Amino acid sequence: MMKFSYIDRKLDEVLGNNQDPLDRERVKFLIQLTLLSAAVVFITIPMYLISGPMSQMWRSCIVLVCMLFIIKSLLSKPVWKKIAHSMCLIVTFVIWSNLLIFVMAINIATIQFALLVVIFSYYMLGTRWGTFYAFLTIVPILFYAVLNGKQYVHINITPRQLSTPAFMIVMINNFVLFVFMHHHIFTSYNATIKKLRMKQVEEELLNAKLLEAIEIAAQSSRSKTDFLSTMSHELRTPLNSVIGMSNILLKDQPRDDQAENLSILNFSAQSLLTLINDVLDFSKIESGKIELEHIPFRVSELVQQISLGFKVKAAEKGLEFHLEIDPFLMDKVLIGDPTRLTQILYNLLENAVKFTPSGDICMKIHTEVQAAEILKLDFLVSDTGIGIPEDKIALIFEPFSQASSNTTRKYGGTGLGLSIVKHLIELHNSTLILESRPASGATFKFSIDYQIGDAIKLMDNPLASKVSDQQLSKLRVLIAEDNAMNILLMKKLLGQWNMTPHFVENGEEAVAAIRMGDFDVVLMDIHMPVMDGYEATTQIRALEDPRKSAVHIIALTASVSSNVQEKMDKARLNDYVSKPFNPEVLKAKLEAVCYQQQQQIAS
395 MMKFSYIDRK LDEVLGNNQD PLDRERVKFL IQLTLLSAAV VFITIPMYLI SGPMSQMWRS
455 CIVLVCMLFI IKSLLSKPVW KKIAHSMCLI VTFVIWSNLL IFVMAINIAT IQFALLVVIF
515 SYYMLGTRWG TFYAFLTIVP ILFYAVLNGK QYVHINITPR QLSTPAFMIV MINNFVLFVF
575 MHHHIFTSYN ATIKKLRMKQ VEEELLNAKL LEAIEIAAQS SRSKTDFLST MSHELRTPLN
635 SVIGMSNILL KDQPRDDQAE NLSILNFSAQ SLLTLINDVL DFSKIESGKI ELEHIPFRVS
695 ELVQQISLGF KVKAAEKGLE FHLEIDPFLM DKVLIGDPTR LTQILYNLLE NAVKFTPSGD
755 ICMKIHTEVQ AAEILKLDFL VSDTGIGIPE DKIALIFEPF SQASSNTTRK YGGTGLGLSI
815 VKHLIELHNS TLILESRPAS GATFKFSIDY QIGDAIKLMD NPLASKVSDQ QLSKLRVLIA
875 EDNAMNILLM KKLLGQWNMT PHFVENGEEA VAAIRMGDFD VVLMDIHMPV MDGYEATTQI
935 RALEDPRKSA VHIIALTASV SSNVQEKMDK ARLNDYVSKP FNPEVLKAKL EAVCYQQQQQ
995 IAS
């Protein structure tokens with residue numbers, strides 16, 4: 395193929411890197427073809443001038459001017475498709491002028507021109523325009539041959555034509571153009587195929603690397619999830635004992651100094667549990683695995699319970715705590731996620747108490763009726779604390795970030811709280827608004843839409859008044875637990891309710907105990923040696939005795955992995971309590987089992 399370094403550089407300037415590679419080759423081909431043709435036309439002009447005819451000389455001049463204009467256009471602003479059309483029209487003009495004016499016959503040069511137009515138009519302009527120009531050049535030749543008979547069709551070359559240098563040059567040039575066109579087309583074709591193959595190989599390698607990277611990322615994510623789940627279980631298990639035993643000791647009427655120490659111990663354990671929960675929740679938020687519950691609850695009672703603890707914390711720092719609840723909410727039952735709302739308010743109030751050295755803290759909840767069954771709640775938490783600079787407001791919502799390193803050193807904390815709050819509020823299709831200035835405190839606002847629920851569906855513990863302590867003490871309880879501290883905790887806890895449970899240390903022993911004895915309820919730990927709680931429950935459900943296989947099984951689990959609920963449903967566990975747990979929650983579930991038994995006996 396012809397090499398023109400200047401043309402290549404000029405095209406690089408004009409085309410840049412945005413042109414399609416095939417179109418780029420077409421433009422280069424068009425310039426090279428035009429230059430070659432212009433050179434031949436330029437040579438024929440003096441020959442026609444010397445030997446005639448003059449009409450062909452003028453035609454050559456016109457064609458040369460057109461070709462020079464085409465070259466200039468291609469090198470300045472390549473509208474190559476229009477120029478390709480112009481080239482086809484110029485050669486078509488030559489064919490028609492040969493037939494009608496200059497030669498008035500079909501000779502070899504005319505046929506060459508026609509074939510050149512067909513090849514050129516198909517390559518440069520595609521099949522539609524190629525067909526059009528083939529029709530425009532070949533049909534007139536066929537029509538002329540049919541109309542004028544054999545006497546005007548002479549493919550052979552006469553001695554007169556051989557003696558005309560211009561004719562010989564044109565004929566030779568046409569053959570050269572045939573070779574040049576085919577060479578360029580197939581060279582471009584082969585180069586394109588080679589590039590496609592190389593690109594295909596590169597894509598295959600890239601896809602392989604991408605799949606490998608995806609697998610590594612997935613494995614890393616699984617490893618992180620497994621690690622967090624394992625660490626959570628290992629941390630929650632001893633925390634369950636610490637929090638549980640401190641609760642039991644606090645109820646044993648300790649001395650004032652003992653009560654203070656136990657309260658500090660309990661508070662520290664609860665703070666550690668909150669930190670663990672924050673890390674786990676952040677991990678769930680990152681992976682998009684947090685889903686909101688839709689259960690009935692009384693928001694007024696929930697907010698009052700939250701505020702009680704923070705009133706004490708505020709008083710310890712000499713702060714005033716103000717709570718303002720819309721009276722409209724006092725008897726209202728809403729459908730939503732009380733756990734996540736508690737988490738939002740807890741984190742906001744925790745920050746308010748932490749970063750307020752003096753003054754007051756205020757929490758307000760007001761309502762806006764959106765529709766017949768939808769209630770919009772406007773929440774506001776404000777303080778008179780250290781405030782936040784305007785340029786740091788966006789930063790504090792980033793995970794593991796606080797307004798400054800001095801804040802971290804002075805006040806502590808992981809910097810996860812507000813990040814979690816922001817994501818949880820966004821999960822409620824709302825936005826957290828912060829208004830703050832340094833030394834002027836901070837005000838957090840957000841709104842959540844809740845569905846109005848039915849008060850009948852919400853009962854604090856309807857079974858508590860129907861189940862006496864004596865009836866509860868007669869409940870036959872089997873506890874499958876492998877941790878010695880948790881066994882001691884459960885003995886003391888159930889001992890407060892005058893219950894004497896039977897203990898086994900793994901799932902296999904639990905299945906054997908159910909086969910050998912009669913129990914009303916099983917408190918099943920999940921992670922145990924020999925056989926875990928899921929497998930033990932599955933085997934119990936497969937027992938032939940329908941009474942034993944239907945025993946009520948409550949999982950006691952410190953696991954927080956995302957598929958816990960799925961595994962429990964598959965094993966057909968009746969219920970679960972997360973460690974560390976509130977003793978009253980477990981008692982309520984045991985009372986529910988006792989009440990169901992009473993109903994069965996009565997029926």
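Residue numbers for the sequence shown follow this note's numbering, beginning at 395 and rising by one. Yeah, the Cβ is synthetic: ideal placement off N, Cα and C, and Gly gets one too. Owing to the predicted nature of the structure, the values given are computational and were not obtained by experimental measurement.
Neighbourhood of residue i by C-beta, 7 Å cutoff - its chain only, sequence neighbours within 5 removed
i: alanine 478; result: Leu424, Met518, Leu519
i: alanine 833; result: Ile780, Gly781
i: glutamate 978; result: none
i: valine 905; result: Ala930, Gln933, Ile934
i: phenylalanine 496; result: Ser449, Gln450
i: glycine 927; result: Ala874, Gly901, Met918, Asp919, Ile920, Ala949
i: aspartate 876; result: Glu899, Asn900, Asp919, Met922, Pro923
i: phenylalanine 791; result: Leu812, Ser813, Lys816
i: glutamine 991; result: Asp914
Same chain, Cβ closer than 6 Å to residue i, five either side skipped, listed in chain order
i: glycine 730; result: Tyr844
i: leucine 937; result: Ser943
i: threonine 531; result: Thr486, Ile489, Ala508, Val511
i: leucine 980; result: Val971
i: leucine 633; result: Ala663, Leu667, Pro974
i: isoleucine 842; result: Leu771, His822, Ser824
i: isoleucine 819; result: Leu826, Phe840
Residue interval of the beta strand (DSSP E) (run including residue i)
i: glycine 730; result: 728–730
i: aspartate 939; result: No beta strand (DSSP E) holds aspartate 939; DSSP gives it neither H nor E.
i: isoleucine 846; result: 836–846
i: methionine 757; result: 754–763
i: lysine 770; result: 768–777
i: phenylalanine 897; result: 896–898
i: alanine 917; result: Per the sequence shown, the amino acid found at residue 917 is leucine instead of alanine. Residues 915–919.
i: aspartate 951; result: Just to set this straight, residue 951 is threonine in the shown sequence, not aspartate. 946–951 is the span of the beta strand (DSSP E), which, as asked, contains threonine 951.
i: valine 971; result: 969–972
i: serine 824; result: That residue, serine 824, is in no beta strand (DSSP E); it is neither H nor E in DSSP.
Beta-carbon proximity check, residue i vs residue j, cutoff 9 Å
i: leucine 667; j: leucine 656; result: no
i: alanine 952; j: histidine 627; result: yes
i: proline 895; j: valine 636; result: no
i: alanine 539; j: isoleucine 489; result: no
i: isoleucine 814; j: asparagine 745; result: no
i: valine 924; j: glycine 901; result: yes
i: lysine 726; j: leucine 769; result: yes
i: leucine 622; j: leucine 686; result: no
i: glutamate 985; j: valine 861; result: yes
i: isoleucine 700; j: leucine 743; result: yes
i: leucine 696; j: proline 732; result: yes
i: isoleucine 755; j: alanine 708; result: yes
i: methionine 461; j: threonine 504; result: no
i: isoleucine 759; j: leucine 774; result: yes
i: arginine 522; j: tryptophan 474; result: no
i: leucine 723; j: valine 693; result: yes
Segment limits, alpha helix (DSSP H) that includes residue i
i: aspartate 963; result: 958–965
i: leucine 818; result: 811–821
i: methionine 910; result: 901–910
i: alanine 478; result: 474–491
Beta-carbon proximity list for residue i, same chain, < 8 Å, skipping 5 on both sides
i: serine 677; result: Lys618, Thr619, Leu622
i: tyrosine 442; result: Met448, Gln450, Met451, Ser454, Ala560
Query raised in the report: Are the stretch 861–872 and the stretch 751–771 touching by the rule of at least three beta carbon pairs closer than 8 Å?
Result: no
Report task. With a floor of 4 residues, list each alpha helix (DSSP H) that falls wholly inside the stretch 858–885, ordered by position along the chain. Result -> 863–867
Query raised in the report: How about the stretch 941–948 and the stretch 966–977: do they share at least three Cβ pairs that are nearer than 8 Å?
Result: yes
Query raised in the report: Can you list, in chain order, the stretches of the beta strand (DSSP E) that have 3 or more residues and sit fully within the stretch 647–719?
Result: 689–691, 714–719
Query raised in the report: Per the contact definition of three or more C-beta pairs closer than 8 Å, is the stretch 481–492 in contact with the stretch 455–464?
Result: yes
Requested in this report: Evaluate contact between the stretch 758–770 and the stretch 880–890, counting only Cβ atoms and requiring at least three cross-stretch pairs below 8 Å.
Outcome: no
Query raised in the report: For the 8 Å Cβ check, are there 3 or more pairs between the stretch 957–964 and the stretch 981–997?
Result: no
Requested in this report: With a floor of 4 residues, list each alpha helix (DSSP H) that falls wholly inside the stretch 559–637, ordered by position along the chain.
Outcome: none
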